[in-house]
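In my numbering, the protein residues as written are 428 to 680.
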């Protein structure tokens, strides 16, 4: 909570708040021991102190900063070396480029299919008989295959879809659902022959498999996705930052 609004102060819209967060992150430096004070951040970002305060709350929830009541706000200096955060939305091509590599996206398969009952390859909870737009995409790092994703997007209408577009965009076009949340499950599996061939590796090798369900605020499913990755190069390891809470202070010390 950030307290009550001051007189004549309007509520902060999500888009405005995201802009304030982006401005604060633009000031980021790996050698910072503490962030500037709220008044100074407000001056540097051109935002109100209430907006800065709310932005810091959200940054703390995401693991960017640690606030100690009455003293200081400390940045997480390990962030630049963490890798790809699976607790945040990401795009493979952007992540690969940000890590200093050259990305390449190949659409290995795409088309409409009807989900059949009893199919052992099913990884979704959509009703049997659902028409979906299915894509299989492979991302490479400097020419070496790295990740493969199979996406199932329910079709609510007949529409011409570009399989190279992100699954979030495909969902909005195919079924009108603006995805608000993703639920993610992580497993260790042995790679099957079909996906091994697309990833230029050996069947049976152990891989990380992540299954996603993207859904809207009304709980309607926008897509299901299943992704596997081979051993990640430096800077692309999957990482998760958890905030550790204590009984004292804002977030402990």
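A virtual CB, placed ideally from N, CA and C, is assigned to each residue, including glycine.
Where do the ends of the alpha helix (DSSP H) carrying residue 615 lie? First-last for residue 615: 608-617, but that is the beta strand (DSSP E), not the alpha helix (DSSP H).
Starting from residue 595, trace the alpha helix (DSSP H) in both directions and tell me its first and last residue. 594-602
Could you please give the first and the last residue of the uninterrupted alpha helix (DSSP H) stretch that includes residue 374? Nothing about residue 374 can be reported from this structure: the residues present for the chain run from 428 to 680 only.
With a cut-off of 8 Å on the beta carbons, I'd call residue 639 and residue 658 a contact; round off their distance for me. Residue 639 to residue 658, Cβ: 21 Å. No contact.
8 Å Cβ cutoff met for residue 536 and residue 562: yes
Determine the extent of the alpha helix (DSSP H) in which residue 520 is found, giving its start and end residues. 519-525
Take residue 609 and list the residues in its own chain whose beta-carbon comes closer than 6 Å to its own, dropping the five residues that flank it on each side. 639, 641
Nearest-angstrom Cα separation, counted from residue 625 out to residue 574: 10 Å
What does a CB cutoff of less than 7 Å around residue 550 pick up in its chain, not counting 5 residues either side in sequence? 638, 651, 653
Would you mind working out which of 560, 520, 662 sits nearest residue 649, comparing C-alpha positions? 560
Status (buried if at least 16 other CB within 10 Å, exposed otherwise) for residue 633: exposed
Please return the same chain residues whose Cβ sits closer than 8 Å to the Cβ of residue 444, not counting the five positions on each side in sequence. 478, 481, 482, 485
Cβ shell of residue 599 (< 7 Å), same chain only, five flanking positions each side left out: 605
Inter-residue Cα distance where the pair is residue 475 and residue 592: 37 Å
With DSSP as the reference, label residue 578 as helix, strand or coil. strand
Entirely within the region 475-500 and at least 3 residues each: give me those beta strand (DSSP E) ranges in chain order. 492-494
Considering only C-alpha positions, which residue in the set 532, 530, 585 is nearest to residue 540? 585
My output table needs one value for residue 585: the three-state DSSP class, helix, strand or coil. coil
Report the CB separation of residue 566 from residue 530 in whole angstroms; it is logged as a contact under 8 Å. 6 Å
Would you kindly report the start and end of the unbroken beta strand (DSSP E) that includes residue 654? 648-656
Label residue 449 either buried or exposed according to how many other C-beta atoms from any shown protein chain fall within 10 Å of its C-beta, with 16 as the threshold for buried. exposed
In angstroms, rounded to a whole number, what distance separates the CA positions of residue 579 and residue 667? 25 Å
Quick one, which of 523, 671, 532, 542 has its alpha-carbon nearest residue 664's? 523
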